[in-house]
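Heads up, the thing below is written out as structure tokens.
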Amino acid sequence: MSAEVFDYIVIGSGAGGASAARILADSGSSIAIVEEGPAASTDEFSDRSFPTLIRLYRDMGAQVTRGRAPMLVIQGRCLGGSTVVNSGIMRRLPEEVWNEWRDDHRLGDGLPFREVDEASVAIEAELKAVPTPVAVWGGNNRLLSRAAAERGITGSPTLRNAPGCRGSARCNLGCPHGAKQSMQLSYIPYATARGAQVFTDERVERVLLQGGRATGIQTRRRSLVARRAVLVAASAVETPRLLRRSGIRSRHLGRHFQGHPGMAIVGLFDEEVRLGHGATQGYELDGLRSEGRVKIETLALPPETFFGGLPGVGSEWVGLMSEFAHAAVWVLPLRSLAEGEVGIGRRQGSIRFSLDPRDLPHLRRGLRQAADLLFAAGAREVVCPVHGLPHRLRPDQASLIEEAGRDASAFPLAISHLFGTTRMSPGPDAGVVAPDFRVHDTDNLYVVDASVFPTNLGVNPQLAIMALARIAAGRIIG
Amino acid sequence: MDLGRLDRSVLDTLLPPGRHPLLGLGLSETGFELFLEDFNRAAPPHLRRAFRLGLLAAGWMAPLLVRRLPPLTRLQPADREAALTAMAVSSVPELRQLVSVLKSVISLHYGSLPAVRQSIGYP
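These protein sequence lines map, in sequence, to chains U and W.
Note that the numbering used here has the first sequence beginning at 4, numbered continuously upward.
Note that the numbering used here has the second sequence beginning at 607, numbered continuously upward.
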């Protein structure tokens, strides 16, 4: 077995790992980027969901939480990580969330807001983040904009790192035009142009530790030596498992798992909406977030996903499927108050997460608001797939949403933003990682992904992940 | 996994032919069994198990929800649909979830078909 030597080893090539590698690469150091999933180029992306799920998603997008109300956990698993299959949304760390980190988690001194914001600004420029142009809105985004105007709610075109977006509505299958500046098209090539070496299809079995110091990694096929540091960015699901396999012990490892559970609501219009045309997620309403803990945003789905989420069987199901061309799909990610746990050790593989009882009123109210907005935009019917509701709601039935779903299992939820399982804390009594991103009581081992976030955000996290990873890498190279 | 007569009955009831002028193709006319071979090769074990369990529950338990004796193949087509509808809206979350799994797997195939995509105007 070969043992190649690098200054830095970065585990994971998504928003965190690639952003750290991009900064490390500027230092002239030798870098290995190790990715569990495969590399896939733009011309290999399929317009079909099944081959895409197999190739680019962890467990075919079918990881499921344990509990009375199982939820899908959606993660990318390929070179570039989830940035390959997300919608390219760029949201800065909200200041009110940072205030919680400062006040409740004592991170104000170690992670100044100004530093995070400056890193975010730099990344926005590098990844060419722009508000989604009206020219590529398509029907789905246009309708949310119309609804917001109708109801006097502030909405905005979504800021995305897809400057050349052609509105093909396929972000979640991998951008077919290479417009989205996901990591395999931006920071990873930046790093490789400066000598970084990429290893794909390499699952890291463990980080090698000697005398409390990270010295390298072991995969199934090779050992790599790290002269200076190992940076872990394997996601809030995989990072705590890897640390545990490597011998790290902390009662916080794998705990405090947080996310943004969300679900879709569908409006059926007389006019054609044409979900297959327009930016996947090009318009959003943020005004409900501070009070209602939800955000409303558009989401263009391919037929496979759209069909699967509709209620009914037989004739009723086919009838709803046939309305695809007239359907608008909006989603509500919820800033849940719940904490779960990622199984480590003998329980590897399990993710336990259940909604907090306080989440349900927020979810119901958000769905009601979304339904009202769909009707305001001209929907003749709304499909809100909550157990107990009529499958097609007329305008005079929207209030039923607030009475439905008394149990979390009534809501078909999925989680795509994951946090907290190696959370940052000033000392090892409250978390796994120190404010300098180093694993407590361990030298040269750093975590640079969303698992260090002490809370969820309420907004799409990739920019905040990139910003923190950038700060971490800058501190590591000094 | 080979589909038996009962499995086919479940799948045909979920997505029958000729029920809508736009989407007249029923699942049985679309080569779903070929897709299923790929699915069984590539899908994670827990998803394959859930699909198999969904077929089993739909075939043997759904009829009981409409006070009919199983299996589903004993029922007339309209009653089969009523039985699966009852399972899809059951007060038991696990039964609803199994129907969701069946529909999600079916949709991965059905929504990818060129004829279906053309019918619904998806580019």
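Virtual Cβ for every residue (Gly too), placed ideally from N, Cα, C.
Based on the DSSP output, what are the partners of Y193 (chain U) in its beta bridges? Paired residue(s): none; Y193 (chain U) is not in a bridge.
Give the DSSP bridge partners of Y60 (chain U), in chain order. In the DSSP output, where bridge partners are listed per residue, Y60 (chain U) has U:G79.
Answer yes or no: do E700 (chain W) and G317 (chain U) have a C-beta to C-beta separation smaller than 8 Å? Cβ atoms of E700 (chain W) and G317 (chain U): not closer than 8 Å.
For chain U, is any of its Cβ atoms less than 8 Å away from the one on S706 (chain W)? Look at S706 (chain W): its C-beta is under 8 Å from a C-beta on chain U.
DSSP beta-bridge partners for G265 (chain U)? Answer is U:P336 and U:A417, bridged to G265 (chain U).
Classify S85 (chain U) as buried or exposed, calling it buried when 16 or more other Cβ atoms lie within 10 Å of its own Cβ. Looking at its Cβ environment, which holds 16 or more other Cβ atoms inside 10 Å, S85 (chain U) is buried.
Comparing the C-beta of P650 (chain W) with each C-beta of chain U, is any distance below 8 Å? Closer than 8 Å to some Cβ of chain U, the Cβ of P650 (chain W) qualifies, so yes.
Tell me, please, whether the stretch 372-390 of chain U touches the stretch 322-334 of chain U by the rule of three or more beta-carbon pairs shorter than 8 Å. Yes, the stretch 372-390 of chain U touches the stretch 322-334 of chain U.
In terms of residue numbering, what span does the alpha helix (DSSP H) encompassing T308 (chain U) cover? Counting along the chain, the alpha helix (DSSP H) containing T308 (chain U) begins and ends at P306 to G311.
For S697 (chain W), is the classification buried or exposed, using 16 other Cβ atoms within 10 angstroms of its Cβ as the cut-off for buried? With fewer than 16 other Cβ atoms within 10 Å, it is exposed.
Nearest-angstrom Cα distance between R426 (chain U) and D444 (chain U)? Approximately 15 Å between the Cα atoms of the pair.
Top-ranked residue by Cα proximity to E241 (chain U), from U:G346, U:G408 and U:S357: Closest by alpha carbon: U:G346.
What span of residues does the alpha helix (DSSP H) with Q284 (chain U) cover, start to end? Per DSSP, Q284 (chain U) belongs to no alpha helix (DSSP H) and is neither H nor E.
Spatial neighbours of G170 (chain U) in its chain, beta-carbon cut-off 7 Å, leaving aside the 5 residues before and after: Contacts found: V139, G141, H280, G281 and A282.
Contact set for L304 (chain U): own chain, Cβ-Cβ below 7 Å, skip 5 residues either direction: Answer for L304 (chain U): L278 and V332, listed in chain order.
What are the boundary residues of the beta strand (DSSP E) that includes S226 (chain U)? Note, S226 (chain U): beta strand (DSSP E), S226 to V235.
Among W:R674, W:L690, W:F645 and W:N646, nearest to S615 (chain W) - alpha-carbon criterion: Among W:R674, W:L690, W:F645 and W:N646, the Cα nearest to that of S615 (chain W) is on W:L690.
According to a CB-to-CB cut-off of less than 9 Å, which residues of the stretch 292-308 of chain U neighbour chain W? Going along the stretch 292-308 of chain U in chain order, one finds P305, P306, E307 and T308 with a Cβ nearer than 9 Å to chain W.
Nearest chain U C-beta to T636 (chain W) closer than 8 Å, yes or no? Interface flag for T636 (chain W) against chain U is unset, since no Cβ pair is found closer than 8 Å.
Could you say which of U:M93, U:L396, U:L176 and U:V276 lies nearest to T135 (chain U) if we only look at CA atoms? If we check each option's Cα against that of T135 (chain U), U:M93 comes out closest.
What are the partner residues of G258 (chain U), as DSSP defines its beta bridges? According to the sequence provided, residue 258 (chain U) is Arg. The question's Gly does not apply to it. Beta-bridge annotation (DSSP): R258 (chain U) is paired with U:E344.
I'd like to know if I268 (chain U) contacts chain W, where contact means its C-beta is closer than 8 Å to some C-beta of that chain. It does not: the Cβ of I268 (chain U) has no partner Cβ on chain W nearer than 8 Å.
S52 (chain U) versus chain W: which residues are under 8 Å apart at the beta carbon? Within chain W, the C-beta atoms nearer than 8 Å to that of S52 (chain U) come from L714, G717 and S718, in chain order.
Beta carbon of V389 (chain U), beta carbon of R395 (chain U): below 8 Å? Result no, Cβ atoms of V389 (chain U) and R395 (chain U) do not sit closer than 8 Å.
Where S615 (chain W) meets chain U, residues with beta-carbon distance less than 9 Å: Result: empty, since nearest Cβ-Cβ is about 12 Å, beyond 9 Å.
Length of the line joining the Cα atoms of G70 (chain U) and R355 (chain U): Within the model, the alpha-carbon separation for G70 (chain U) versus R355 (chain U) is close to 6 Å.
R277 (chain U) touches chain W at which residues, Cβ-Cβ below 8 Å? Result: G727.
Who are the Cβ neighbours of A692 (chain W) in its own chain at under 6 Å, not counting the five residues just before and after it? In chain order, L671 and V672 place their CB closer than 6 Å to the CB of A692 (chain W), counting only its own chain and leaving out the 5 sequence neighbours on each side.
For a test of the three-state rule: what should DSSP assign to D446 (chain U), helix, strand or coil? Three-state result, D446 (chain U): strand.
Go ahead and pull the three-state DSSP assignment for M427 (chain U). Three-state DSSP puts M427 (chain U) in a strand.
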